[in-house]
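Input: a single structure, listed below in structure tokens.
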Amino acid sequence: VLLVSLKCGGTGLNLTRANHVFLLDTWWNAAVEEQAMDRVHRLGQTRPVTAVRLVADKTVESRILDIQQAKTLVSAGALARLSADEVRKARLGDIKRLFE
Numbered sequence: 001v002l003l004v005s006l007k008c009g010g011t012g013l014n015l016t017r018a019n020h021v022f023l024l025d026t027w028w029n030a031a032v033e034e035q036a037m038d039r040v041h042r043l044g045q046t047r048p049v050t051a052v053r054l055v056a057d058k059t060v061e062s063r064i065l066d067i068q069q070a071k072t073l074v075s076a077g078a079l080a081r082l083s084a085d086e087v088r089k090a091r092l093g094d095i096k097r098l099f100e
């Protein structure tokens, strides 16, 4: 068992001896979490990898996941026609949703 934060263990490690990942802290950037999961799912991994994200309903973490999903849509080009003002308002909306 290795307990490590996303910030500390998300880069520079190859953990192919493990095959289970439990994400307990939510990060603003979904890519950080994906990179942490990829520490286990590497070249040389011979077993299926299971990743589990533990998030309680109606918490700041669950709202951060909602924001991550919205950001993924934006980066995929689904909302590519937003003006700079609309982007600013969307970011303010993200912060407000955390405390609703």
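Here the sequence shown is numbered in UniProt numbering, starting from 1 and rising by one per residue.
Yeah, the Cβ is synthetic: ideal placement off N, Cα and C, and Gly gets one too.
It should be emphasised that the depicted structure is a prediction, and the values quoted were computed from it without experimental measurement.
**Prompt:** Looking at C-alpha atoms only, which residue of V21, E34, V32 and V40 is the closest neighbour of N14?
**Reply:** By 1-based counting over the sequence shown, the position of residue 14 is 14. The residue from V21, E34, V32 and V40 with its alpha-carbon nearest to that of N14 is V40.
query: Mapping DSSP to helix, strand and coil, what is V4?
result: The sequence position of residue 4 within the sequence shown is 4, counting from 1. If DSSP states are grouped into helix, strand and coil, V4 belongs with coil.
Any contact between the stretch 23-35 and the stretch 66-77? By contact I mean 3 or more CB pairs, one from each, below 8 Å.
Between the stretch 23-35 and the stretch 66-77 there are three or more C-beta pairs closer than 8 Å, enough to call the two in contact.
Worksheet entry | Of the listed residues Q35, K89, I64 and A18, nearest to T46 (C-alpha basis) | Taking the first residue of the sequence shown as 1, we reach residue 46 at position 46. The option with the nearest alpha carbon to T46 is A18.
Please list the terminal residues of the continuous alpha helix (DSSP H) segment that includes E74. Within the sequence shown, numbered from 1, the residue matching residue 74 stands at position 74. Here the sequence assigns Val to residue 74, which means Glu is not the residue at that position. Looking at the DSSP string, the run of the alpha helix (DSSP H) that includes V74 is V60 to S75.
### Residues near L23 by beta carbon distance below 8 Å, same chain, minus five either side
For the purposes of this step, residue 23 is taken as residue 23 along the sequence shown, with counting starting at 1. Excluding positions up to five away in sequence, the list reads L6, E33, A36, M37, A51, V52, R53 and L54.
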